[in-house]
Every structure is written in structure tokens, then in C-alpha cells.
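To start, the structure under review is shown below, and the notes come after it.
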Amino acid sequence: MSPRTQNSMPIWDQTMRSWTVVFSPFKLGFSRPYFSSATMNFHCPLKVLKNFNLELKSGQTVALVGPSGSGKSTIVHMIQRFYDPLEGEILVEGKNIRDLDLKAFRSQMGCVQQEPILFECSVEENIRLGKLDATEDEIIDAAKMANAHDFILQLPEGYKTLLAERGGGLSGGQKQRIAIARALIRKPKLLLLDEATSALDTHSERVVQDALDAASSGRTVVVVAHRLTTVRNADRILVLEKGLIREQGTHDELVEKDGLYRHLPARNRSVF
Numbered sequence: 001m002s003p004r005t006q007n008s009m010p011i012w013d014q015t016m017r018s019w020t021v022v023f024s025p026f027k028l029g030f031s032r033p034y035f036s037s038a039t040m041n042f043h044c045p046l047k048v049l050k051n052f053n054l055e056l057k058s059g060q061t062v063a064l065v066g067p068s069g070s071g072k073s074t075i076v077h078m079i080q081r082f083y084d085p086l087e088g089e090i091l092v093e094g095k096n097i098r099d100l101d102l103k104a105f106r107s108q109m110g111c112v113q114q115e116p117i118l119f120e121c122s123v124e125e126n127i128r129l130g131k132l133d134a135t136e137d138e139i140i141d142a143a144k145m146a147n148a149h150d151f152i153l154q155l156p157e158g159y160k161t162l163l164a165e166r167g168g169g170l171s172g173g174q175k176q177r178i179a180i181a182r183a184l185i186r187k188p189k190l191l192l193l194d195e196a197t198s199a200l201d202t203h204s205e206r207v208v209q210d211a212l213d214a215a216s217s218g219r220t221v222v223v224v225a226h227r228l229t230t231v232r233n234a235d236r237i238l239v240l241e242k243g244l245i246r247e248q249g250t251h252d253e254l255v256e257k258d259g260l261y262r263h264l265p266a267r268n269r270s271v272f
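Going by full-length UniProt numbering, the residue at position 94 of the sequence shown is 94; the numbering climbs one at a time, nothing skipped.
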């Protein structure tokens with residue numbers, strides 16, 4: 001029997017090693033995450049996702065690609081329960097996400113977005129925001145996993161260096177690696193990468209992508225991708241268009257199919 005909060009909401013089992021995510025008639029579940037028939041819209045007739053079905057298997061990397069407005073980031077936001085589907089449900093290990101303790105559930109996730117959010121405090125404090133009781137050793141270990149340790153040591157006061165608001169003075173790649181360290185310090189079981197490298201130059205992208213590849217090992221990962229280099233090694237790629245899954249498979253399978261995926265760069269180069 002899993003522990004419960006005072007208001008009887010089940011707490012996410014932090015010892016769980018596998019996740020299943022399910023959207024059914026929009027379901028989402030973790031251990032083997034699974035989305036089944038999900039539908040979502042805003043205050044307008046347009047539905048953002050329509051009968052969306054997806055299963056995320058433990059340790060698997062799933063990439064989401066498609067034109068702007070196809071629903072990629074919406075899926076990432078729904079996994080974090082920033083909003084709920086209007087039809088169907090999101091399941092986590094067979095439990096409706098609405099019945100889970102949200103703080104405990106989110107503590108098992110790490111998210112890296114396109115624009116890293118850094119605050120006017122030390123590098124150490126920025127990383128510790130991912131786990132408020134983190135020790136100095138944990139902070140350093142997270143920075144090493146994010147390929148950030150070496151450049152941090154070169155800052156005037158190392159980990160104690162005060163950053164300007166939004167990380168002013170750091171390169172885009174350096175800011176992103178600090179954000180990755182923050183996401184990793186809690187040792188998340190699910191890693192969400194929402195266009196994490198799309199705003200970087202080629203050199204910075206390579207360094208950050210190396211960090212993300214290392215961070216993804218042994219974790220369930222969802223990648224919103226805008227560049228081919230970030231998706232070609234994914235276990236499964238979903239091609240979204242107008243809220244629907246048009247194609248899915250590995251990179252090689254989709255290229256051989258000669259469908260929407262293969263022609264995405266020509267139609268919308270920002271996707272890759």
C-alpha cells in the first residue's frame with residue numbers, strides 16, 4: 001500500500017524504478033509511460049491534441065517532431081500537469097495524475113527548456129534550486145554530469161560566483177549546462193527536454209548535446225526536437241501535425257518510409 005498525504009491523495013512512489021505514462025482517450029502513465037486517446041483544447045474550437053495515444057517504456061527515449069503548433073510542447077506540459085485534458089485522463093502507474101501528490105510527482109522529473117532560467121545568485125544556488133537540500137558534493141556531481149564543472153571552476157569565484165539576472169555574462173551553452181545540472185541534481189526518473197538545444201550555435205549545441213546524451217542514460221526521456229542531430233538516435237520518433245500522430249518509428253524507418261518525417265526539413269527547417 002503506497003503512503004498517502006493527509007488529504008488521502010496517493011504520493012508518487014519515489015523508489016519506483018520504472019515508469020509508465022498513459023494518455024487514454026487521452027491517458028498518460030509511467031513505468032511504462034503510455035498515452036492513450038488524449039484530447040485537449042483551449043477556450044476556442046481548435047483542439048490542440050486529438051485522440052493522442054502514446055506509451056513511454058522505461059529507459060526509452062521518445063522524440064517529438066513536427067511543425068510549430070503541432071502539439072509537441074503541449075505534451076510536455078501535460079506530463080508535468082500544467083493543465084489537464086478536457087477528455088480522457090492521464091495515468092501514472094495506473095493512477096489518475098489528478099489523484100497524485102503533485103509535489104512528490106514532479107520531484108521525480110527534470111525539465112530542460114529552450115531558454116534556461118537563471119537567477120541573480122551564485123552558480124551553486126542556481127543548481128541547488130533543483131534540490132534544496134543538496135550537498136556541495138551533489139552539486140559538483142550534477143555539474144560534472146552536465147559538462148559544466150570545468151567552466152564553472154574557471155569563473156572568478158567558482159561555484160560561489162554571483163550570476164547576473166538570467167545568467168548575463170555567460171554563453172548560451174554555459175547557461176544551458178547549469179540548467180541541465182539543476183535538472184539532474186534530483187536524479188529524475190523522467191527527463192523532459194523541450195527544445196533544449198534549438199537556440200544554441202553549432203559548437204555549444206555539440207557540448208550541450210553530449211551532456212544530454214550522458215544524462216539520458218538509464219532514464220525515460222521525452223525530447224521535443226528541432227534539429228535532426230537531437231532525434232536520430234531516439235528509440236522512437238513521433239511525427240506530429242495538427243495535433244495528430246502522423247508517423248512514428250526510428251529515424252531509419254521513417255527516412256525509408258519517405259513520408260512527412262523525411263520531408264520536414266524542406267517544409268519547416270526549424271523542426272530540425
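Here a beta-carbon is modelled for each residue, glycine too, at the ideal position from N, C-alpha and C.
query	result
Apart from the five residues on each side of it in sequence, which residues of its chain come closer than 7 Å, Cβ to Cβ, to T61?	S216, V221, V223, A234, D235
Starting from the N-terminal side, write out each stretch of the alpha helix (DSSP H) that is 4 residues or longer and does not extend beyond the stretch 64-121.	72-79, 102-106
May I have the straight-line CA-CA distance separating R182 from D210, to the nearest angstrom?	16 Å
Kindly list the residues whose CB is nearer than 6 Å to the CB of A134, restricted to its own chain and excluding five residues on each side of it in sequence; keep chain order.	R128, I185
Using 8 Å as the cut-off, can you tell me whether the stretch 155-162 makes contact with the stretch 102-119, which would need three or more C-beta pairs spanning the two stretches below that distance?	no
Count the other C-beta atoms from every protein chain shown that fall within 10 angstroms of the C-beta of P156, then say buried if there are 16 or more, exposed otherwise.	exposed
Are the Cβ atoms of A63 and A179 separated by less than 7 Å?	no
In terms of residue numbering, what span does the alpha helix (DSSP H) encompassing I245 cover?	Counting along the chain, I245 falls outside any alpha helix (DSSP H), though it belongs to the beta strand (DSSP E) covering 244-249.
So, do the stretch 164-177 and the stretch 82-96 have three or more beta carbon pairs nearer to each other than 8 Å?	no
Taking just the CA atoms, how far does P116 sit from L193?	11 Å
Quick one, are the C-beta atoms of G243 and G71 less than 7 Å apart?	yes
Assuming G59 and G249 make a contact with CB atoms under 8 Å, what is their CB distance in whole Å?	That belief does not hold up - the Cβ atoms of G59 and G249 are roughly 18 Å apart, past 8 Å.
If you draw a straight line from the alpha carbon of H77 to that of H203, how long is it in whole angstroms?	29 Å
At what residues does the beta strand (DSSP E) containing I237 begin and finish?	236-241
Taking only the alpha-carbon atoms, compute the straight-line gap between E256 and C121 and give it to the nearest angstrom.	49 Å
Are the Cβ atoms of N126 and V207 separated by less than 7 Å?	no
In three-state terms, what does DSSP make of V222?	strand
So what's V231 in DSSP terms, helix, strand or just coil?	coil
Quick one: grab the DSSP three-state call for D210.	helix
Suppose you measure from the CA of N53 to the CA of G169; what does that come to, to the nearest Å?	43 Å
By DSSP's criteria, L151 is part of a beta bridge. Which residues make up the other side?	For the record, residue 151 in the displayed sequence is Phe; it is not Leu. DSSP lists no partner for F151.
Taking the alpha-carbon positions, what's the W12 to V239 distance?	Since pLDDT at W12 reaches only 44, below the 50 mark, its modelled position is unreliable, and no value is offered.
Determine the contact status of H149 and A142, defining contact as a CB-CB distance below 7 Å.	no
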